[in-house]
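Residue numbers (this note's numbering), protein chains in the order written: chain A, 121 to 304; chain B, 121 to 304. Note that the Cβ used here is the ideal one computed from N, Cα and C, for glycine as well. Just so it is clear, the structure is predicted and the values come from calculations on it, not from any experiment.
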DNA sequence: ATCATGTAGTATCGTAGCGATACTAAATAT
DNA sequence: ATATTTAGTATCGCTACGATACTACATGAT
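What follows is the structure, encoded as structure tokens:
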């Protein structure tokens, strides 16, 4: 008996991808575009880069770079150079991107039929954590659950890159995220 | 708050697809190939056709036809014409295909890290059922859970196409599957 | 019987996803 | 100062995918 959950996951994913293609219609937005935008909508200001998007989805940076260039050319992203490191590029969603996510990102079929997904979310969350840990992937957790997250004078502070954080950043995803060390 | 379960599902699927690509290596087997083979390994003898595979995954028949031709050219499938209907083609896995599934289909990462997936399987099963019903897809259930499944002289019989079935066929997937009518 | 309609499958085209490789430029280490 | 690393891009080859058009067979209507 092969793993039933795996087969179901693959089939559901395949059906949803196909559904998304159909719903995206003339926009030209492919599933991978929407996934990239979804990530960028959640990423903090140190993780809104081509590299990070690729790591998040398990795709190569060369591939992601091309997807992101397409998104910029079509008005879904703004690019900007990092001020202190001339190599890195930051990606910002446009309103057009937010509109696209709002109307396409969980495809209509999901919204109509998925129902209560709390329990499913918990199961997927656990599975993802195990896959990431075992596969050597970055976890991309929220700052406030990170080993390096501290409070200095009452305001959030990242001990890794040693900067204080805007309060709104601490709920966003960070590519440097690490689980807290288990209490001894 | 967008649907967390949906995001997790998409990301897990993306990571697993990428993982599968890497593990498939020089075989040239893409995720869609393995999904098609997985389906065909489970399909009954009335549902092992290009059309059915496409419906199962939500892809067009033209696309599937090309994928399946590739699989045949590379020795993963045998094709044969139906005896009573000259239009339909039946697809049979070769040993090479079974070997490929055995070594690649849940990718190594899944096998090593997925852990207990019983509960996840149940959740995905429920979700899939709702998506299929709402989206107008075929369910592809097992014969023995079908509305048209009967027993004649103790052996399984399909009341839809009006043939008796090999006992081994009743655990396989059928594209004509329909839920039993609710008892009145 | 003929003809229209429907269905299973294939061929072809255009677009895009994807990894691999090679490259540039900026940062960092020695 | 030089070597090495890192973020990102450009290009190539291959394949996935939908759309469209086509063939062959089956079925239904008259």
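Ignore the nearest five residues each way along the sequence and tell me which others in residue 152 (chain A)'s own chain have a CB closer than 7 Å to its CB. For residue 152 (chain A), where only same-chain residues beyond five positions count, the Cβ hits under 7 Å are 187.
So, is the C-beta of residue 134 (chain A) closer than 7 Å to a C-beta in chain B? yes
Please identify, using Cβ separations under 8 Å, the residues of the region 256-281 of chain A that lie next to chain B, in order along the chain. 257
Can you tell me which of the three DSSP states residue 231 (chain B) falls into? Three-state DSSP puts residue 231 (chain B) in a helix.
For the region 169-201 of chain A, enumerate the residues whose C-beta is nearer than 8 Å to any C-beta of chain B, in chain order. Cβ contacts with chain B come from 176, 177, 178, 179.
Hey, how far is the Cα of residue 220 (chain B) from the Cα of residue 232 (chain B)? 18 Å
7 Å CB neighbourhood of residue 139 (chain B) in its chain, flanking five on each side removed: 227, 229
Based on Cα-Cα distance, which residue from A:126, A:252, A:263, A:296 lies nearest to residue 177 (chain A)? It is A:252 whose Cα lies nearest to the Cα of residue 177 (chain A).
So, does the CB of residue 213 (chain B) fall closer than 7 Å to a CB anywhere in chain A? no
Could you check whether the region 153-166 of chain A touches the region 252-272 of chain B, counting it as contact only if at least three pairs of C-beta atoms, one from each stretch, sit closer than 8 Å? no
Specify, as a first and last residue, the run of the beta strand (DSSP E) that residue 210 (chain A) falls within. 209-213 is the extent of the beta strand (DSSP E) around residue 210 (chain A).
List the residues of chain A whose Cβ lies closer than 7 Å to the Cβ of residue 241 (chain B), in chain order. Ordered by position in chain A, the residues that pass the 7 Å Cβ test against residue 241 (chain B) are 124, 125, 128.
Just checking residue 247 (chain A) against the ligand GDP - is the residue's beta carbon closer than 6 Å to any of the ligand's heavy atoms? The ligand GDP is not among the ligands present in this structure, which contains no ligands whatsoever.
How would you list, in chain order, the residues of chain A whose beta-carbon sits under 7 Å from the beta-carbon of residue 254 (chain B)? 229, 232, 233
What residue from A:262, A:239, A:184, A:207 has the CA that sits closest to residue 245 (chain B)'s CA? A:239
In terms of alpha-carbon separation, which member of A:297, A:287, A:237, A:242 lies closest to residue 262 (chain A)? Of the listed residues, the one whose Cα sits closest to residue 262 (chain A) is A:297.
Under three-state DSSP, which class holds residue 299 (chain A)? coil
Grab the span of the alpha helix (DSSP H) containing residue 167 (chain B) for me, first residue to last. Residue 167 (chain B): not part of any alpha helix (DSSP H); DSSP gives it neither H nor E.
Compute the Euclidean distance between the alpha carbons of residue 299 (chain A) and residue 249 (chain A), then round it to the nearest angstrom. 11 Å
Under 6 Å Cβ to Cβ from residue 66 (chain A), same chain only, skipping five residues before and after it: list those, please. Since the first residue of chain A shown is 121 and the last is 304, residue 66 (chain A) is not available in this structure.
With 16 as the cutoff for other CB atoms within 10 Å, does residue 215 (chain A) come out buried or exposed? exposed
In or out: residue 207 (chain B) buried (at least 16 other Cβ within 10 Å) or exposed? exposed
Exposure of residue 243 (chain B), with buried meaning 16 or more beta-carbon neighbours within 10 Å: buried
Cutting at 7 Å between CB atoms, please list the residues of its own chain near residue 323 (chain B), excluding the five before and the five after it. No statement about residue 323 (chain B) is possible, as the shown extent of chain B runs from 121 to 304 and does not include it.
Residue 205 (chain B) versus B:126, B:166, B:193, residue with shortest Cα-Cα distance: B:166
Thinking just about the alpha-carbon of each residue, which of B:294, B:173, B:234, B:147 is nearest to the one in residue 193 (chain B)? B:147
Does the beta carbon of residue 160 (chain A) come closer than 7 Å to any beta carbon on chain B? No, because no Cβ of chain B sits closer than 7 Å to the Cβ of residue 160 (chain A).
From what residue to what residue does the alpha helix (DSSP H) around residue 272 (chain B) run? No alpha helix (DSSP H) holds residue 272 (chain B); the beta strand (DSSP E) holding it covers 269-272.
Restricting to runs no shorter than 4 residues, where is the alpha helix (DSSP H) found entirely within the region 167-194 of chain A? 170-177, 181-193
Cβ-based burial, residue 122 (chain A) [other Cβ within 10 Å; buried from 16]: Label assigned to residue 122 (chain A): exposed.
For a contact defined as C-beta to C-beta under 8 Å, what are the partners of residue 250 (chain A) on chain B? 233, 234, 235
Thinking residue 293 (chain A) and residue 164 (chain A) are a contact (beta carbons under 8 Å), I'd like their distance in whole angstroms, please. 6 Å
Give me the chain B residues within the contact set of residue 245 (chain A), using Cβ-Cβ distance strictly less than 7 Å, ordered along the chain. Those are 128, listed as they occur along chain B.
Let's test the definition: count the other Cβ atoms within 10 Å of the Cβ of residue 179 (chain A) and tell me whether it reaches 16, buried, or not, exposed. buried
Nearest CA to the CA of residue 274 (chain A): which residue from A:286, A:266, A:235, A:211? A:286
Which runs of the beta strand (DSSP E), 3 residues or longer, sit entirely within the region 242-284 of chain B? 269-272, 275-278
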